[in-house]
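Engineer:
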Amino acid sequence: SAVPEQVALTLRDISFSYPEQAQKALESLSLHANPGEHIAILGRTGCGKSTLLQLLTRAWDPQQGEILINNQPISTLNEATLRATISVVPQRVHLFSATLRDNLLLAAPDASDEALSEMLSRVGLEKLLDDGGLNSWLGEGGRQLSGGELRRLAIARALLHDAPLMLLDEPTEGLDATTESQMLELLADVMRNKTLLMVTHRLRGLSRFDQIIVMDNGQIIEQGNHADL
Ligand code: ATP
Ligand code: MG
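The opening position of the sequence shown corresponds to residue 55 in my numbering, with each subsequent residue numbered one higher.
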């Protein structure tokens, strides 16, 4: 099936517990995002924010409830379509022992070297090109990246992937204030017509979101826009 241009996302009464865990990580959670809507997800550590995003990529399936993209249960979408529909900046970014090029191509197999280099400079990682260019080796046996560089690499991957649904799990965690606002500006530009779920701890900038949800214990305890809350 084709990759949709825009995504309406619906979570209907989702409950989920991890294998061997008695406690539910998500409980009777419902949520709807219209195409192009931006939702901020807040809540204290361990409340289920990352779990929620992981269910959308089908890293796990819920024991109860349904997740729909444009009214179609995601369990009926083939894996390739689902992957092409969703861009993710995960909370824990994985660096592969591979060239810089291959670490980026993962997200956008068809991108040209030129497009990759341009994206690296957009996210402020152009200095990674200094030794060996896109052929430089990252990860084991090569260059390790700092926490902030890893976040930026993940943002570059997500932007190269350019899918209609974006899931960002604290994309600017650990970045200094200047870099953070640069990244948020870059993201705002690219995400304009995309449906977006962003986990964040930061209260500044929340007025830009269409919906803000606050989670606790796997449930939504508050929901509204910036003016409501
Ligand atoms: P943080 O703000 O610290 O990232 P979070 O809201 O993203 O927290 P989750 O990572 O979704 O929280 O975790 C929700 C609950 O599920 C926590 O109690 C956590 O310990 C548990 N949990 C997360 N991953 C697993 C796993 N793979 N197996 C078992 N339990 C897990
Ligand atoms: Mg998390």
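For glycine and all other residues, C-beta sits at the position ideal for the given N, C-alpha and C. Fair warning: this is a prediction, and the values are worked out from it, not measured in the lab.
#1: From the DSSP output, read off the bridge partner residues of residue 94.
#2: Is any heavy atom of the ligand ATP found at a distance shorter than 7 Å from the C-beta of residue 103?
#3: Return the first residue and the last residue of the alpha helix (DSSP H) that residue 244 is part of.
#4: Between the C-alpha atoms of residue 214 and residue 156, what's the straight-line distance to the nearest angstrom?
#5: Can you tell me which of the three DSSP states residue 153 falls into?
#6: Taking buried to mean at least 16 other C-beta atoms within 10 Å of its own C-beta, is residue 263 buried or exposed?
#7: Just grab the DSSP bridge partners of residue 64 for me.
#8: Taking the alpha carbon of residue 287 as the reference point, which residue from 233, 258 and 220 has its own alpha carbon closest?
#9: Across which residues does DSSP place residue 276 in a beta bridge pair?
#10: Any heavy atom of the ligand MG closer than 7 Å to the beta-carbon of residue 223?
#11: Starting from residue 167 and walking both ways along the alpha helix (DSSP H), at which residues does that stretch end?
#12: With a threshold of 7 Å (Cβ to nearest heavy atom), would residue 145 be considered close to the ligand ATP?
#13: Let me know if residue 98 comes out buried or exposed under the rule of 16 or more other beta-carbons within 10 Å of its beta-carbon.
#14: Measuring straight from C-alpha to C-alpha, what distance separates residue 62 and residue 127?
#15: Just to confirm the assignment, what range does the alpha helix (DSSP H) spanning residue 209 have?
#16: What does the alpha-carbon distance come out to for the pair residue 201 and residue 78?
#17: From this set, 75, 117 and 124, which residue's C-alpha is nearest residue 83's C-alpha?
Structural biologist: Taking the definition as stated:
#1: 252 and 266.
#2: Yes, since a heavy atom of the ligand ATP falls inside the 7 Å radius drawn around the Cβ of residue 103.
#3: It spans 231-244 - the alpha helix (DSSP H) in which residue 244 sits, taken as one unbroken run.
#4: A direct Cα-to-Cα measurement between residue 214 and residue 156 gives close to 13 Å.
#5: Looking at residue 153 - three-state DSSP - the assignment turns out to be strand.
#6: Answer is buried; the Cβ neighbour count reaches 16.
#7: Paired residues: 86 and 122.
#8: Here the chain comprises residues numbered 55 to 283, so residue 287 is not present and cannot be evaluated.
#9: Looking at the DSSP assignment, residue 276 forms a beta bridge with 268.
#10: Checking the Cβ of residue 223 against the ligand MG gives yes.
#11: Bounds of the alpha helix (DSSP H) holding residue 167 are 167-176.
#12: Under cutoff, so the answer is yes.
#13: Around the C-beta of residue 98, fewer than 16 other C-beta atoms lie within 10 Å, and the residue is accordingly described as exposed.
#14: Between the alpha carbons of residue 62 and residue 127 lies a distance of about 12 Å.
#15: Counting along the chain, the unbroken alpha helix (DSSP H) around residue 209 starts and ends at 201-215.
#16: Between residue 201 and residue 78, the C-alpha separation is close to 31 Å.
#17: Selection 75, 117 and 124 evaluated against residue 83 yields 117 as nearest (Cα-Cα).
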